Amino acid sequence: MKKTLEIFALAAVLFSACTSRSGWTAWEKTVIEQSDSVMYVAVMPADSAILRAVSQDFGPKELGSEQLQTLIRKMYRTLTDPSQDGVGIAAPQVGINRRLVLVMRYDKPEKPIEPYLNIRIDSLIGQKTPGPEGCLSVPPYRGIVRRAPSVQISYLKADGTPVTEQVEGYSAIIFQHECDHLDGILYTDRADTVYVNEAWAAEREAFSYPRPDWWN
Ligand code: NI
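Numbering (this note's numbering), first residue to last: 48 to 263.
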């Protein structure tokens, strides 16, 4: 009986260690500290190990840390840089397998880009309809993907406040694309068709941002 209890206790410890990593890893600290203000964006197929991994939640040690603020600031700068010019970005795309996305809120005045921590999509609402999609990590392709017109999401704000809200329209589609990244899913996995976007291919060539020496 005692042995059984010990096994249960060990399993509980292992389980909690697996679900909430304690503190930043050495790799995460390297990415956050060594990255330029415009970060290297992981691309397929070279960076598939990171892009295909399932991301973990932030724990109490990371929430509110200076490194998290730096990461959010650099991801914002990366997303809005002319070399990327995206509408959303997920932490795995800059080398961090954590549940963080930045999304442009087309449904709000001024279309702010906001960070969402430990985010999950609770439910997809409405009939899925097809639309064009691309991804900073999958150049130079675009594809047609069917997405729900509305989502209910739960997340923590940058200050740690928990929020549940329903989002409609284009931002709802961005949330579906970015949250897929946190589960190692790329839009090409869901696309009905994928095609090369020649204009984007040329643009990406002109702005190509090299993989830093310390990466890997
Ligand atoms: Ni993407």
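Heads up, the beta-carbon is just placed ideally off N, CA and C, and yes, glycines get one too.
On a predicted model such as this, the values are computed, not experimentally measured, just so you know.
query	result
Please report the straight-line C-alpha distance between Gly-133 and Ser-69, rounded to a whole angstrom.	31 Å
Mind checking who Thr-207 pairs with in its DSSP beta bridge?	Checking the displayed sequence, the identity of residue 207 turns out to be Gly instead of Thr. In DSSP, Gly-207 forms no bridge with anything.
DSSP three-state call for Gly-173: helix, strand or coil?	coil
State yes or no: is the C-beta of Ser-184 nearer than 8 Å to some heavy atom of the ligand NI?	yes
Can you check DSSP and say which residues form a bridge with Pro-162?	Leu-149
Judging by CA-CA distance, which residue of Met-151, Glu-80 and Gly-135 is the nearest neighbour of Pro-159?	Met-151
Which partner residues does Val-241 have in the DSSP bridge list?	Gly-190
Going by beta carbon distance, what residues of the same chain come within less than 6 Å of Gln-81, once the five residues before and after it are set aside?	Trp-261
Here's the rule I'm using: 16 or more other beta-carbon atoms within 10 Å means buried, otherwise exposed. How should Glu-109 be labelled?	buried
Assuming contact is defined by CB atoms lying nearer than 9 Å, are Asp-239 and Leu-233 in contact in what I supplied?	no
At a cut of 8 Å, does the region 120-131 reach the region 163-171 through at least three beta carbon pairs?	no
Here's a check: name, in chain order, each residue in its chain whose Cβ is nearer than 8 Å to the Cβ of Gln-114, leaving out the five neighbours to either side.	Trp-71, Glu-75, Lys-76, Ile-79 and Glu-80
Beta-carbon within less than 8 Å of Val-185's beta-carbon, same chain only, minus the 5 sequence neighbours each way: which residues are those?	Val-90, Met-91, Leu-233, Tyr-234 and Thr-235
Rounded to whole angstroms, what is the Cα-Cα separation between Arg-189 and Glu-180?	6 Å
Mind checking whether the beta-carbon of Gln-140 lies closer than 8 Å to any heavy atom of the ligand NI?	yes
Measure the alpha-carbon distance for Gly-111 versus Leu-203 and round it to whole angstroms.	11 Å
Please report the distance separating the alpha-carbon of Ala-137 from that of His-224.	9 Å
Alpha carbon to alpha carbon, how far is Gln-302 from Val-88?	Shown here, the chain extends from 48 to 263; a query on residue 302 therefore has no answer.
So, for Ala-249: in the same chain, excluding its five sequence neighbours on each side, which residues have a beta-carbon less than 6 Å away from its beta-carbon?	none
Among Glu-245, Glu-161 and Trp-247, which one has its Cα closest to the Cα of Phe-222?	Glu-161
Does DSSP classify Glu-180 as helix, strand or coil?	strand
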